[in-house]
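Q: The listed protein sequences correspond, in order, to chains A and B. First residue of the first sequence: 1, per the numbering used here; consecutive thereafter. First residue of the second sequence: 1, per the numbering used here; consecutive thereafter.
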Amino acid sequence: MDILNFSAIDLSALIDKKELLPSEIVTETFRGIDTLDKKYNAFITTLYDSAMTEAIRADARAISGKRLSVFDGIPVAVKDNICTKGIKTTCGSKMLADYIPPYDATVITHLKNAGMIMVGKTNMDEFGMGSCSDTSYFGAVHNPFDLDKSAGGSSGGSAAVVASRIVPFALGSDTGGSVRQPASMCGVCGIKSTYGAVSRYGLVAYSSSFDQIGVISNNITDGAELMNIISGNDTLDSTYVGLKDGFTHSLSLPIKDKVIGIPKEYLDGNIDGEVNEAFLNAVDTMKQLGCRVEYFSLDVLKYVVPCYYLISNAEASTNLSRFDGVKYGYRAADFTDVNDMIKKSRSDGFGTEVKKRIMLGTFAITSENYEKYYKKAIQVRANLSSSFDRLFERFDAIMCPTSPSAAGPLGFKETDNTRMYLSDIYTVSANIAGLPALSVPCGFTSDGLPVGVQFMGRRFCDAKIVCFAAEFQRVTDWHKRLPKGAI
Amino acid sequence: MKITEKTVDRISILAKLSFDVKEKDELIIGLKGMMGFVTTLENYDSVDETIDLLPSFTCPLADDKAALSLKREDVLSSAPLCDDTCFIVPKTVEEG
Chain A
1 MDILNFSAID
11 LSALIDKKEL
21 LPSEIVTETF
31 RGIDTLDKKY
41 NAFITTLYDS
51 AMTEAIRADA
61 RAISGKRLSV
71 FDGIPVAVKD
81 NICTKGIKTT
91 CGSKMLADYI
101 PPYDATVITH
111 LKNAGMIMVG
121 KTNMDEFGMG
131 SCSDTSYFGA
141 VHNPFDLDKS
151 AGGSSGGSAA
161 VVASRIVPFA
171 LGSDTGGSVR
181 QPASMCGVCG
191 IKSTYGAVSR
201 YGLVAYSSSF
211 DQIGVISNNI
221 TDGAELMNII
231 SGNDTLDSTY
241 VGLKDGFTHS
251 LSLPIKDKVI
261 GIPKEYLDGN
271 IDGEVNEAFL
281 NAVDTMKQLG
291 CRVEYFSLDV
301 LKYVVPCYYL
311 ISNAEASTNL
321 SRFDGVKYGY
331 RAADFTDVND
341 MIKKSRSDGF
351 GTEVKKRIML
361 GTFAITSENY
371 EKYYKKAIQV
381 RANLSSSFDR
391 LFERFDAIMC
401 PTSPSAAGPL
411 GFKETDNTRM
421 YLSDIYTVSA
431 NIAGLPALSV
441 PCGFTSDGLP
451 VGVQFMGRRF
461 CDAKIVCFAA
471 EFQRVTDWHK
481 RLPKGAI
Chain B
1 MKITEKTVDR
11 ISILAKLSFD
21 VKEKDELIIG
31 LKGMMGFVTT
41 LENYDSVDET
51 IDLLPSFTCP
61 LADDKAALSL
71 KREDVLSSAP
81 LCDDTCFIVP
91 KTVEEG
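(1) Listed from N- to C-terminal order along the chain, which residues in the stretch 323-347 of chain A have their beta-carbon within a distance smaller than 9 angstroms of any beta-carbon of chain B?
(2) Would B:Glu42 count as contacting chain A if we go by Cβ distances under 8 angstroms?
(3) According to DSSP, is A:Leu251 part of a helix, a strand, or is it coil?
(4) What residue range does the beta strand (DSSP E) around A:Ile519 cover?
(5) Does the distance from the C-beta atom of A:Lys287 to that of A:Ala397 stay below 8 angstroms?
(6) Does the distance from the CB of A:Asp403 to the CB of A:Gln181 come in under 8 angstroms?
(7) Count the other CB atoms, across all protein chains shown, that sit within 10 Å of the CB of A:Asp134; report buried if there are 16 or more and exposed otherwise.
(8) Take A:Val78 and list the residues in its own chain whose beta-carbon comes closer than 6 angstroms to its own, dropping the five residues that flank it on each side.
(9) Once DSSP output is grouped into helix, strand and coil, what is the label at A:Ser173?
(10) Since A:Phe210 and A:Val354 should fall inside the 8 angstroms C-beta cutoff, what is the C-beta to C-beta distance between them, to a whole number of angstroms?
(11) Give me the subset of the stretch 286-301 of chain A whose CB atoms are less than 9 angstroms from a CB atom of chain B, sorted by chain position.
(12) May I ask you to report which of helix, strand or coil DSSP gives A:Met456?
(13) Taking only the alpha-carbon atoms, compute the straight-line gap between A:Asp501 and A:Thr221 and give it to the nearest angstrom.
(14) Would you kindly work out how many angstroms separate the C-alpha atoms of A:Ser131 and B:Glu23, rounded to a whole number?
(15) By the 10 Å Cβ neighbour count, where 16 or more other Cβ atoms means buried, how is B:Cys86 classified, buried or exposed?
(16) In chain A, which residues lie with their C-beta within 9 angstroms of the C-beta of B:Lys6?
(17) If we cut at 8 angstroms on Cβ distances, does A:Cys307 have a partner in chain B?
(18) Could you say which of A:Ser164, A:Lys264, A:Thr194 and A:Gly411 lies nearest to A:Thr239 if we only look at CA atoms?
(19) Figure out for me which residue from A:Cys442, A:Met456, A:Ser321 and A:Tyr303 has the closest Cα to the Cα of A:Asn383.
(20) Are any of the Cβ atoms in chain A nearer than 8 angstroms to that of B:Cys86?
(21) Comparing alpha-carbon positions, which option in A:Arg292, A:Glu393, A:Asp447 and A:Phe472 lies nearest A:Arg458?
(22) Can you give the Cα-Cα distance for A:Leu243 and A:Gly434, rounded to whole angstroms?
(23) Can you have a look at A:Gly361 and say buried or exposed, based on whether 16 or more other CB atoms are within 10 angstroms of its CB?
(24) Could one say the Cβ of B:Asp9 lies closer than 8 angstroms to chain C's Cβ atoms, at least one of them?
(25) Where do the N-terminal and C-terminal ends of the beta strand (DSSP E) with A:Tyr295 fall, by residue?
(26) Please list the terminal residues of the continuous beta strand (DSSP E) segment that includes A:Lys39.
(27) Give a yes or no on whether 8 angstroms exceeds the smallest Cβ distance from A:Ile271 to chain B.
(28) I'd like to know whether the C-beta atoms of A:Ser208 and A:Asn319 end up nearer to each other than 8 angstroms.
(29) Per DSSP, which one or two residues make a beta bridge with B:Cys82?
(30) Any beta carbon of chain A sitting closer than 8 angstroms to that of B:Val89?
(31) Should A:Gly214 and A:Gly190 be called a contact, given that it needs their Cβ atoms to be closer than 8 angstroms?
(32) Tell me the rounded alpha-carbon separation between A:Asn101 and A:Ala8.
(33) May I have the straight-line CA-CA distance separating A:Cys291 from B:Gly30, to the nearest angstrom?
(34) In whole angstroms, give me the CA-to-CA distance for A:Met456 and A:Met129.
(35) Between A:Thr27, A:Gly448, A:Ser317 and A:Arg31, which lies nearest to A:Ala205 when the distance is taken from Cα to Cα?
(36) Residues of chain A with CB under 7 angstroms from B:Ala15, in chain order?
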């Protein structure tokens, strides 16, 4: 049997029935990595020895009927900006190319406590700053559906390894859509929780008020179950509040007569024709499932992309000031004094896109620009947040495309990346307002590239949108389509 | 706001970054592109003073108890240069 095509929940059931051992799954996973990753460049680090050691321990637990969780013995990949004790965590950057954290992120502790097996660290845009996974110091990630196309970003490596069925799921991080957008580009599911539902401790910070660790998976149920595991308790992140009822408690609830809102602004001239068509078909599917659909207009949406880039880059400029060649990370070889050392280490260690964003962020919070830009961005954020609160009095979910276009070509370099920034136009709102949001596959373009649809929900009602997505996947098979050459 | 070479020079001091001439030219184009849509924020005039600008949820407080922290040798293990107890950096205080 081709076990890599199984869902994590099905694999778990086979382990429970003693028809399959974790070590057999992990062996197959590394066969997949050996066969496919030279094409995708999706892993920065693979962990064969430690994964096999853990798998043999998981075998023993399975045989004795003492599994630690539903996903004990199931392999998982982890984005390389999530700290792993004793394992390189590079953030896709020369700055951290040799950095080995002395501690685990809280989500990694949760994975370990659940008996899950980490098989590798995945490639990504440098420090999460990009939408194509091509700003990595370790080279671009290739989309499994078309190797000449981007895998989306910044969690492109995680999306590619899930799309190719090397692993059933992977962790990513989502600052402005970095879980949902690559999931959409690679034909898989991506979940970003309500801000505060998952601990950020050990996630290398890009923009702390937006960042959330999320899950990319082949089907939404696997993803939601993994979210239950990683959203466990934490005392190390002061913004962690958890999610009382988890992500799966609404799975069996009916969605008939639920009301879905669609923002008119998202269906204007920016959207690609085939993406629009796939999205409208998804809307029809939700209607057939008994949902009512209403269109609405929200003027503030036209400010969300500038708002996002202003705030995220301002936070990035302060967060990344910690990289100074002193405590960890890259230090330039030649310098005259301490200031020269810091400047040269940062200038050599960071890539072009990261430096550009640090510059914009620094610019935005100078005294002369603070009122004009940063404060305006904060006001837009507050307005958007309260507008969504009001919208969720009318709607059970908001539905929109995940990205205005399917995956774009790799190697397309432009000095002005405005187009790349606008590719986040549908995803950043959820980060700005701290809302839960997820993407599931809803179609393909005529070139065979996947298209995703996004559901957003009220804060701390993550399970509700999981329910909508699960119902959508119950009656569609877009998430079951494999890229050519996948395992 | 115009992005000029002078702007880049001034901001690069604050950001502790340096750029050669080619990088600087590309950066100016890139920043102009970013500013092109960031400046649309100047048109935003729907300011509602009654809206709280801070996130609306309350962060929980941790118990006021000492807890284990990282060991010094573990922290120092990632440093570019250190001895048994300290990070080593070039001299930071000028002699008077």
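Built from N, CA and C at the ideal position, the CB exists for glycine as well.
A: Looking at the atomic coordinates:
(1) Correct list: Asp324, Gly325, Val326, Lys327, Tyr328, Gly329, Tyr330, Arg331, Phe335, Thr336, Asp337, Val338, Asn339, Asp340, Met341, Ile342, Lys343, Lys344, Ser345, Arg346 and Ser347.
(2) It does: the Cβ of B:Glu42 has a partner Cβ on chain A nearer than 8 angstroms.
(3) Coil.
(4) Outside the modelled stretch of chain A, which goes from 1 to 487, sits residue 519 of chain A, for which no answer is possible.
(5) no
(6) Residue identity differs from the one stated: residue 403 of chain A is Ser in this sequence, not Asp. Yes.
(7) buried
(8) Met118, Lys121 and Leu171
(9) strand
(10) The pair is not a contact, with the Cβ atoms about 16 angstroms apart (cut-off 8 angstroms).
(11) Asp299 and Val300
(12) strand
(13) Missing from the structure shown is residue 501 of chain A; chain A here goes from 1 to 487 and no further.
(14) 22 angstroms
(15) exposed
(16) The premise fails here: B:Lys6 is roughly 12 angstroms from chain A at the closest Cβ pair, so nothing lies under 9 angstroms.
(17) Output row for A:Cys307: interface = yes.
(18) A:Thr194
(19) Measuring from the Cα of A:Asn383, the nearest candidate turns out to be A:Tyr303.
(20) no
(21) A:Glu393
(22) A direct Cα-Cα distance of roughly 13 angstroms separates A:Leu243 from A:Gly434.
(23) Under this definition A:Gly361 is a buried residue.
(24) Absence of chain C from the displayed structure is noted, the protein chains being A and B.
(25) Annotation: the continuous beta strand (DSSP E) that includes A:Tyr295 extends over Arg292 to Phe296.
(26) Careful: A:Lys39 lies outside any beta strand (DSSP E), inside the alpha helix (DSSP H) at Pro22 to Tyr40.
(27) no
(28) yes
(29) B:Phe87
(30) yes
(31) Contact flag set, yes.
(32) Residue 101 of chain A is actually Pro in this sequence, not Asn. Cα-Cα distance, rounded: 29 angstroms.
(33) So the two alpha carbons sit approximately 44 angstroms from each other.
(34) 23 angstroms
(35) A:Ser317
(36) Chain A residues near B:Ala15: Ser317, Ile358, Met359 and Thr362.
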